[in-house]
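Protein chains in written order, with UniProt numbering: chain B, 1 to 212; chain Y, 1 to 212. Ideal Cβ placement from N, Cα and C applies to all residues, glycine included. Reviewing the structure listed below.
2 protein chains.
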Amino acid sequence: MTAQLWCFGESGNAAKVAQMLTLTGTAWQPVFVNFFAGEARSPAFRAINPMGEVPVLRLDGRTLTQSAVMLRHLARKTGQFGWASEEEEDEILRWLFWDNHKFSAQIGTTRFLMNFLPPEKRPEQAIAFQQGRLKAAYAVLEDHLASRDWVANGRPSIADLSLASYLYYPEPFGFVRADWPRIDAWMSRLSALPGWKHPYDLMPRAFPPATA
Amino acid sequence: MTAQLWCFGESGNAAKVAQMLTLTGTAWQPVFVNFFAGEARSPAFRAINPMGEVPVLRLDGRTLTQSAVMLRHLARKTGQFGWASEEEEDEILRWLFWDNHKFSAQIGTTRFLMNFLPPEKRPEQAIAFQQGRLKAAYAVLEDHLASRDWVANGRPSIADLSLASYLYYPEPFGFVRADWPRIDAWMSRLSALPGWKHPYDLMPRAFPPATA
Numbered sequence: 001m002t003a004q005l006w007c008f009g010e011s012g013n014a015a016k017v018a019q020m021l022t023l024t025g026t027a028w029q030p031v032f033v034n035f036f037a038g039e040a041r042s043p044a045f046r047a048i049n050p051m052g053e054v055p056v057l058r059l060d061g062r063t064l065t066q067s068a069v070m071l072r073h074l075a076r077k078t079g080q081f082g083w084a085s086e087e088e089e090d091e092i093l094r095w096l097f098w099d100n101h102k103f104s105a106q107i108g109t110t111r112f113l114m115n116f117l118p119p120e121k122r123p124e125q126a127i128a129f130q131q132g133r134l135k136a137a138y139a140v141l142e143d144h145l146a147s148r149d150w151v152a153n154g155r156p157s158i159a160d161l162s163l164a165s166y167l168y169y170p171e172p173f174g175f176v177r178a179d180w181p182r183i184d185a186w187m188s189r190l191s192a193l194p195g196w197k198h199p200y201d202l203m204p205r206a207f208p209p210a211t212a
Numbered sequence: 001m002t003a004q005l006w007c008f009g010e011s012g013n014a015a016k017v018a019q020m021l022t023l024t025g026t027a028w029q030p031v032f033v034n035f036f037a038g039e040a041r042s043p044a045f046r047a048i049n050p051m052g053e054v055p056v057l058r059l060d061g062r063t064l065t066q067s068a069v070m071l072r073h074l075a076r077k078t079g080q081f082g083w084a085s086e087e088e089e090d091e092i093l094r095w096l097f098w099d100n101h102k103f104s105a106q107i108g109t110t111r112f113l114m115n116f117l118p119p120e121k122r123p124e125q126a127i128a129f130q131q132g133r134l135k136a137a138y139a140v141l142e143d144h145l146a147s148r149d150w151v152a153n154g155r156p157s158i159a160d161l162s163l164a165s166y167l168y169y170p171e172p173f174g175f176v177r178a179d180w181p182r183i184d185a186w187m188s189r190l191s192a193l194p195g196w197k198h199p200y201d202l203m204p205r206a207f208p209p210a211t212a
């Protein structure tokens, strides 16, 4: 049974799951959500996910919301990018929660405000505030990667897929790879995994590619 | 062995764990962190938690960070406020992730900016932005509670403890219980659980109680 992922190319949270589905060789198809036209807040979409959020994953007769819950489900199901003990599971979860609280959550908001709002509607003070918080978060990850190749348990896991997802997008949000050499090297290791694809090659996009 | 919780009274994230320890009858003692003096960013504290965040929990020979990981550990250990199947576990996790992404995370920041910064340093635009996002989040929770007494699986769980924690604080951050009658009723059910305590009665405070 082919899995269905409600998604759009610009969503780093959807890209986490699309990447996991692809890397694990799970059959799936995208269901495009026109997020920027407000579709995620529509009654029809809220009937699928009352939280009004993308992504949503349907597989194995279940409808899952929250990207981290989907990543865990796929890790259990495929035996890939997961954990081998309760301690390993907790270590992965610790980073998934940090990602959802301090990292991807803030990146997603900042990138949205800087790139997907009309210039006259951009709340510059809120953007500056978010960028300040994010600098502290990049430093935490940079330090963590000083002594390890992967975020948790010495091998690639759903924690890496979750944390790295937004960082590959080209739109500016205040993160420059060259400023964070350990994050940069880790991103290169991750994108070298067999089958890895750029988020914009994984899912249908709302906006056409920028032209130079 | 008595558990140790690095905490301070003003931290809603620490209160989640302090409440769980108390409700489950787990022996514990607080270790006060002088957060507002920058202690969480000090080298000594970062040696305990490189993420530079409160709370930290030491028990059973382990040092845990991220409140949701601690709540899960305590649910497994005590058999209380947890899950009875993989589906139930996923349902609780879904709300824990939503809480860390969209709810407590944004409330904590907003409350900090509005109450624990000198008035001249308050970023009013960032506060207004956060309050707008939070209104949408309160509505999601209010709707969810229209047809149920507890957030997940028909009984009190760590999902309730996590989501409700910040809502009991008296400092203003834009949430008024009377505006959200189902959240209000749910908070009353939760605080009626035997042994429940207000966050300021669970942990040592950084600031003295406000006087009228």
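Closer than 8 Å to chain B by CB, Thr-22(Y): no
Residue-level contact to chain Y via CB, Thr-110(B), 8 Å cutoff: no
Under 7 Å from the C-beta of Asp-143(Y): neighbouring residues of chain B: In chain order: Pro-50.
Asp-149(B) versus Val-140(B): straight-line alpha-carbon distance, rounded: 15 Å
Inter-residue spacing [alpha-carbon to alpha-carbon] between Glu-120(Y) and Pro-172(Y): For Glu-120(Y) and Pro-172(Y), the distance between alpha carbons rounds to 17 Å.
Assumed close pair Gly-108(Y), Gly-12(Y) - CB separation to whole angstroms, cut-off 8 Å: 6 Å
DSSP three-state assignment for Leu-117(Y), whether helix, strand or coil: Secondary structure of Leu-117(Y) (DSSP, three-state): coil.
Residue of Ala-159(B), Pro-194(B), Phe-112(B) minimising C-alpha distance to Glu-91(B): Nearest of Ala-159(B), Pro-194(B), Phe-112(B) to Glu-91(B), Cα basis: Ala-159(B).
Gln-4(Y) in three-state terms, based on DSSP: strand
Coil, strand or helix - Trp-28(B) by DSSP: If DSSP states are grouped into helix, strand and coil, Trp-28(B) belongs with the strands.
Own chain partners of Gly-195(B) with C-beta closer than 7 Å, once the 5 adjacent residues on each side are dropped: The beta carbon of Gly-195(B) is closer than 7 Å to those of Thr-22, Leu-23 in its chain, skipping five residues each way along the sequence.
Amino acids of chain B, ordered along the chain, whose beta-carbon sits closer than 9 Å to that of Leu-64(Y): Those are Asp-90, Arg-94, listed as they occur along chain B.
Within the UniProt domain "GST C-terminal" (85 to 210) of chain B, ranges of the alpha helix (DSSP H) (whole runs, at least 4 residues): 86 to 98, 104 to 115, 124 to 144, 158 to 164, 181 to 191, 199 to 202
Residues that DSSP places opposite Arg-46(B) in a beta bridge: In DSSP, Arg-46(B) forms no bridge with anything.
Whole-angstrom C-beta distance between Arg-94(B) and Val-33(Y), which should lie under 8 Å: Contact flag wrong, Cβ pair sits at about 18 Å.
Chain B contact for Ala-105(Y) (CB, 8 Å cutoff): yes
Residue 273(Y): first and last residue of the uninterrupted beta strand (DSSP E) it sits in: This structure leaves residue 273(Y) out entirely; chain Y is present only between 1 and 212.
Amino acids of chain B, ordered along the chain, whose beta-carbon sits closer than 7 Å to that of Phe-97(Y): Gln-66, Ala-68, Val-69, Asn-100
Three-state class that DSSP yields for Val-17(B) in the structure shown: If DSSP states are grouped into helix, strand and coil, Val-17(B) belongs with the helices.
Alpha-carbon spacing of Phe-97(B) relative to Pro-209(B), whole angstroms: So the alpha carbons of these two residues sit roughly 31 Å apart.
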